[in-house]
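Asks: One structure is given below, represented as structure tokens, and several questions about it will come after.
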Amino acid sequence: MAPRRTRTLRQQETRAGLTLLSPTLVVVLAVVVLPILWTILIAFQRLRLRDLHRSGIFGAELTLRNFETVLTSSGFLNALKVTLIYSVVGTALSIGLGLVAALVVRKPFKGRTLVRASMLLPYVAPVVAVTFVWEVMLHPELGIVNALGADLLGWKDPIPFLDQRTGTLSLLGVDIGVPTALVVIILYQAWRYFPFSFLFILARLQALPADLDEAARVDGATPLQRFRYITLPQLKGVIALLAVLRFIWTFNEFDDVFLLTEGGAGTEVVSVRVFRYLTARGDVGAAAALSLVLAASLVVLLLVYFRFFVGRSRDAEAV
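This is the structure in structure tokens:
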């Protein structure tokens, strides 16, 4: 009988590490990798819901017709444009509101704990509940917004905020077309998700050293100058991280837009379009192809961001 081979300490540690990681690897494989591979496979098949039980997963013929269908459809470019506007403006507003809120509660005052807690309500509240509240508030007949507009601003006709594609805003005698519903869902997105930015920025603000700010105050710097030249440069890192995270999540946003407008009135984003391909048309292949196009667009935009913004900011810091 051959003697049993003795493993070294490093081999034992490696084996133990793989044993501990194996449950996580299995879960990631089952929950992330396999669905992605399945989506890629379906995207190259002419597969519909009514034919799924007959053809199965591998029964349909591979083709590029799905990508041709989604890329040449009449509303694709407009949905992509709406998605970009919604993502960029919504991300900027949510971070801006979070920054303002963090600056407001940075220093102690009476009731600060209550104010901090109340700022988290939009983020922790159920999405169905908050969208319902917004729908009631913006209702053209029952909503408080139109009631206040009629009483205080002299509105003659109620505004259907969630159903109006384009409204007219008179500014200095000039009529300006405003995408009403799109503006509303952007404002909703900024309001709902600014607490996420607020928490990150507030944590960074509380970790900033007070020496530089006190020295600038002694030298006679105004609050705006202290914020611009001392506080803001130290927040660039966390703001850049928030910009990436919020842009990714907003670019893939579905539930908020669908619950508020169902993609109508010029608010159809690409994720809502994917849902309609799957449910309204029953075209599983086209829905999978459009989801891959959405993912590819997001990857390209992130590569551009990291190449032109993150790289330049690092070069400036090095100088």
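Sequential numbering of the sequence shown, starting at -7, is according to this note's numbering.
Ideal Cβ placement from N, Cα and C applies to all residues, glycine included.
Ignoring anything shorter than 3 residues or poking outside the stretch 156 to 233, list the beta strand (DSSP E) runs there in chain order.
Replies: Taking only runs of at least 3 residues, the beta strand (DSSP E) segments lying wholly in the stretch 156 to 233 are 159 to 163, 166 to 170.
Asks: Closer than 8 Å by C-beta to D167: which residues in its own chain qualify, once you throw out the five before and the five after it? Chain order, please.
Replies: So the qualifying residues of the chain are T160, L161.
Asks: Measure the beta-carbon distance from A182 to G82 and round it to whole angstroms, keeping in mind my assumption that it falls under 8 Å.
Replies: The pair is a contact, with the Cβ atoms about 6 Å apart (cut-off 8 Å).
Asks: Taking the alpha-carbon positions, what's the T55 to D275 distance?
Replies: Spanning the two alpha carbons is a distance of roughly 14 Å.
Asks: Quick one: what's Q3 bridged to in DSSP?
Replies: Bridge partners of Q3: none, in fact.
Asks: Leaving aside the five residues before and after V80 along the sequence, list all residues of the same chain whose C-beta is less than 6 Å from its C-beta, in chain order.
Replies: None.
Asks: Taking DSSP's pairing of strands, which residues face L54 in a bridge?
Replies: According to DSSP, which records beta bridges pairwise, L54 is partnered with Q37.
Asks: What is the DSSP secondary structure of D248, counted as helix, strand or coil?
Replies: It is helical.
Asks: Under three-state DSSP, which class holds D149?
Replies: It is coil, neither helix nor strand.
Asks: Compute the beta-carbon to beta-carbon distance between A173 and T105, rounded to the nearest angstrom, for a pair I have assumed lies under 8 Å.
Replies: That pair is no contact at about 37 Å.
Asks: DSSP has D275 in a bridge; who is on the other side?
Replies: R40.
Asks: Keeping to the same chain, check which residues put their C-beta closer than 6 Å to that of V266; ignore five residues upstream and five downstream.
Replies: For V266, where only same-chain residues beyond five positions count, the Cβ hits under 6 Å are A279, L282, S283.
Asks: Between V311 and G229, what straight-line distance do the alpha-carbon atoms span, to the nearest angstrom?
Replies: Only weak support exists for where V311 lies, its pLDDT of 43 falling under 50; the value from the coordinates is given anyway. Computed Cα separation, rounded: 16 Å.
Asks: Indicate whether Y180 and D248 have their beta-carbon atoms separated by less than 8 Å.
Replies: Yes, they are a contact pair.
Asks: Which residues mark the beginning and the end of the alpha helix (DSSP H) in which P114 is found?
Replies: Its alpha helix (DSSP H) spans residues 113 to 116.
Asks: Ends of the alpha helix (DSSP H) at G255?
Replies: Per DSSP, G255 belongs to no alpha helix (DSSP H) and is neither H nor E.
Asks: For R98, name the three-state secondary structure that DSSP assigns.
Replies: Three-state result, R98: coil.
Asks: Would you call N221 buried or exposed, if buried means 16 or more other Cβ atoms sit within 10 Å of its Cβ?
Replies: The residue you asked about is not Asn; residue 221 is Tyr in the sequence shown. Classification for Y221: exposed.
Asks: What do you reckon, are the CB atoms on P262 and T75 nearer than 8 Å?
Replies: It is Val, not Pro, that sits at residue 262 in the sequence shown. Yes; because the gap between Cβ atoms is below 8 Å, this pair is in contact.
Asks: Hey, how far is the Cα of R42 from the Cα of L270?
Replies: Taking the straight line from one Cα to the other gives about 11 Å.
Asks: Using CA atoms only, rank isn't needed, just tell me which of L134, D211, F192, V25 is closest to A232.
Replies: Among L134, D211, F192, V25, the Cα nearest to that of A232 is on F192.
Asks: Taking the alpha carbon of E133 as the reference point, which residue from F124, V122, I151 has its own alpha carbon closest?
Replies: Comparing Cα positions, the closest option is I151.
Asks: Return helix, strand or coil for T105, following the three-state DSSP convention.
Replies: If DSSP states are grouped into helix, strand and coil, T105 belongs with the helices.
Asks: Helix, strand or coil, according to DSSP, for S263 in the structure here?
Replies: Correct three-state label for S263: helix.
Asks: With a CB to CB cut of under 7 Å and the five nearest residues on each side skipped, what residues in its chain are close to I87?
Replies: If we look at I87 and ignore the five residues flanking it on each side, its Cβ neighbours are S189, I231, L234, A235, R238.
Asks: Keeping to the same chain, check which residues put their C-beta closer than 6 Å to that of R184; ignore five residues upstream and five downstream.
Replies: So the qualifying residues of the chain are P114.
Asks: What's the call for V264, buried or exposed, on a 16-neighbour Cβ count within 10 Å?
Replies: So V264 ends up on the buried side.
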